[in-house]
Amino acid sequence: MMVAIMFALAAPAWVPSGTGVEIDRSSLTWRNLQRVRWRARRNSGEERHLDMVDCAAGLTAAIETVTLDGSGRVLNVARDGEALAAQRLSPATPGTIGETVAQEACRLRPPPPRRR
1165 MMVAIMFALA
1175 APAWVPSGTG
1185 VEIDRSSLTW
1195 RNLQRVRWRA
1205 RRNSGEERHL
1215 DMVDCAAGLT
1225 AAIETVTLDG
1235 SGRVLNVARD
1245 GEALAAQRLS
1255 PATPGTIGET
1265 VAQEACRLRP
1275 PPPRRR
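Residue 1245 in the working numbering sits at position 81 of the sequence shown, and the numbers go up by one each step.
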């Protein structure tokens, strides 16, 4: 059920980040605090992540990770929830996929709406 909630928000618009991960651009808003959907594909399956990223402060924390096998069957779901993620926001470890995802998500987010 959690998988359906996490990934039923909008049709994904996966954008390659150049590091073997793809970020769902449809999960991004113009605001500083993001809920970023991203995935890492491997021969044996796929990991899908939902992370909280604070673009202004450069902080990140995991909300949910779903591990799928090669046929798309869910093998594992780890969910901390947004409240816990907000408490655990911290700088991403330099040189890791988490740092790349945070940087790319902030770079890919749309501009703020124009004021009339």
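Virtual Cβ for every residue (Gly too), placed ideally from N, Cα, C.
- Looking at the backbone, the Cα of Glu-1246 and that of Gly-1262 are separated by about 17 Å.
- Annotated as proximal: Ala-1266 and Thr-1224, with beta-carbon spacing under 7 Å.
- The segment 1244-1259 makes no contact with the segment 1182-1194; the number of CB pairs closer than 8 Å stays below 3.
- In this structure Arg-1278 does not touch Cys-1219 by the C-beta definition: roughly 19 Å separates them, more than the 8 Å allowed.
- Taking Arg-1201 as the centre and dropping the five residues before and after it, the same chain places the C-beta of Asp-1188, Ser-1191, Leu-1214 closer than 6 Å to its C-beta, in chain order.
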